[in-house]
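Have a look at the structure below, then the notes.
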Amino acid sequence: MSNAIFIAMPGEPAPQAGDSAREADSFAEFVERNAHFVYRIALAVARDPHDAEDAAQETFLQVFRGERWQQIEDERGYLARVAWRLAVRRRKPRLLEQELPLEISSGNASPEQSAIDRQMEAWLHERIDALPEKLRQPLALAALGELKLVEVAKILRLPEGTVRRRIHTARQKLKQQLMEEKGAGHER
Amino acid sequence: MNDENNNLDNLIDGALSSYTPSAARPGLEQSILASVAAASRPRLSSWRPLWALTAALALVAIIIIPFAIKSTRPTIAVLHTPAVAMHSSQAAPVSAAQHTLAVHLRPAAQREPLQALAKKSRSGFITPLSIAPIETQPITIAPIQIEGLN
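First to last, the protein sequences are chains A and B. If you're matching positions, the first sequence starts at 15 in this note's numbering and goes up one per residue. If you're matching positions, the second sequence starts at 31 in this note's numbering and goes up one per residue.
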């Protein structure tokens with residue numbers, strides 16, 4: 015496959031019929047099939063939509079330049095691995111913002127309660143962001159709901175047991191922080 | 031305690047499910063394809079061929095110029111064969127066109143020892159003499175008289 019391939023844009027005819035055009039069409043299908051998945055992996059790691067989009071673009075560019083994208087056996091696993099690696103480079107360290115008083119949900123579905131739930135979610139998202147990367151990444155990748163634990167382990171190049179343990183530790187830390195916040199809320 | 035634990039688990043699960051939004055911005059695929067197309071299109075105005083050509087020319091010049099300079103200089107070929115043999119018809123002719131000077135070394139037996147040569151050359155030096163009295167006397171030049179002018 016030549017690198018000087020024309021990628022047909024939607025509504026734009028390919029300049030020539032033949033192998034090159036067929037490859038372009040098939041690469042376009044390959045992108046269509048995986049773009050959102052790659053973007054979500056990148057977003058779970060980088061936590062910034064612009065960085066995630068850049069990482070997704072670079073992922074496909076690297077795969078295209080590699081010239082072997084048609085021979086990839088596990089394309090989702092391969093793409094997830096490349097996207098994760100590129101997104102990790104873009105990940106900026108995040109510090110916890112100012113502490114907000116947290117009210118724990120009582121389970122009622124009133125508008126007031128919905129606002130409390132949203133506040134709770136934002137509070138928890140901040141705590142997840144502040145987790146050490148070795149705990150946050152397995153947790154975030156598993157939370158996507160698109161990857162099995164074994165796939166997360168392959169992406170991170172860790173044994174499955176280590177990934178499971180790290181996810182458990184991350185959840186325990188979050189629970190502990192919630193308990194502390196709940197205790198502090200009662201004192202307030 | 032167990033209920034509380036479940037409640038906390040539910041809270042964490044809820045937060046994790048919304049941690050990474052499922053929807054990307056519309057047109058993500060098109061922007062990816064556009065970036066790939068832009069990167070894969072051949073660039074005619076690329077400077078790369080020009081740089082390659084310049085580098086190749088420079089390399090050729092570096093290799094050829096020393097040879098060209100060397101070929102115009104006369105070379106001295108030192109021949110260790112006896113001089114007599116060289117004058118015979120069997121000796122390889124030294125071409126004048128090649129600007130080659132042949133230096134014939136005499137065989138070691140016929141050569142004078144180095145110490146004798148050194149003495150010989152020392153005796154041949156001009157030794158400075160003391161200034162003669164005639165050289166220190168001032169020279170008096172008589173005025174020139176030309177007939178018919180005075």
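Backbone N, C-alpha and C fix where the C-beta goes; we use that ideal spot for every residue, glycine too. Fair warning: this is a prediction, and the values are worked out from it, not measured in the lab.
Original post:
Between P51(B) and chain A, is there a C-beta pair that is closer than 9 Å?
Top reply: Interface residue, yes.
Original post:
Closest Cβ-Cβ distance between R78(B) and chain A: below 9 Å?
Top reply: No, no contact with chain A.
Subject >> Whether K189(A) touches I42(B) by CB criterion (9 Å) >> reply: Cβ atoms of K189(A) and I42(B): closer than 9 Å.
Original post:
Where does M116(B) fall in DSSP's three states?
Top reply: Low confidence applies here, because M116(B) scores a pLDDT of 48, under 50, leaving its location unreliable and the question unanswered by this model.
Original post:
To the nearest angstrom, how far is it from the Cα of Q175(B) to the Cα of A146(B)?
Top reply: Straight-line measurement puts the Cα of A146(B) at about 59 Å from the Cα of Q175(B).
**OP:** Report the option in E174(A), F51(A) and D131(A) whose CA atom is closest to the CA atom of G44(B).
**Re:** From the listed residues E174(A), F51(A) and D131(A), the smallest Cα separation to G44(B) is found for D131(A).
Subject >> Straight-line Cα distance separating Q133(A) from A56(A) >> reply: Cα to Cα, A56(A) sits roughly 25 Å from Q133(A).
Subject >> Cutoff 7 Å; reference E69(A); Cβ partners in own chain excluding five residues on either side >> reply: For clarity, residue 69(A) is Ala in the given sequence; the question names Glu instead. Here the set comprises A56, A60, A97, L100, A101 and R104.
**OP:** Out of L145(A), Q127(A), L138(A) and L93(A), point me to the one whose CA is closest to Q76(A)'s CA.
**Re:** When only C-alpha atoms are compared, the closest one is L93(A).
Original post:
Under three-state DSSP, which class holds D39(B)?
Top reply: Reduced to three states, the DSSP call for D39(B) is helix.
Original post:
Near D65(A), what residues of its chain come up, given a Cβ to Cβ distance below 6 Å and the 5 sequence neighbours on each side ignored?
Top reply: The beta carbon of D65(A) sits closer than 6 Å to the beta carbons of R104 from its chain, once the five residues preceding and following it are set aside; these are given in chain order.
Original post:
Any idea what DSSP makes of E59(B), helix, strand or coil?
Top reply: For E59(B), the three-state secondary structure derived from DSSP is helix.
Original post:
Using DSSP with H/G/I as helix, E/B as strand and the rest coil, what is P137(B)?
Top reply: Here P137(B) sits in coil by DSSP.
Original post:
Do A58(A) and F74(A) have their C-beta atoms within less than 9 Å of each other?
Top reply: No, these two residues do not count as a Cβ contact at 9 Å.
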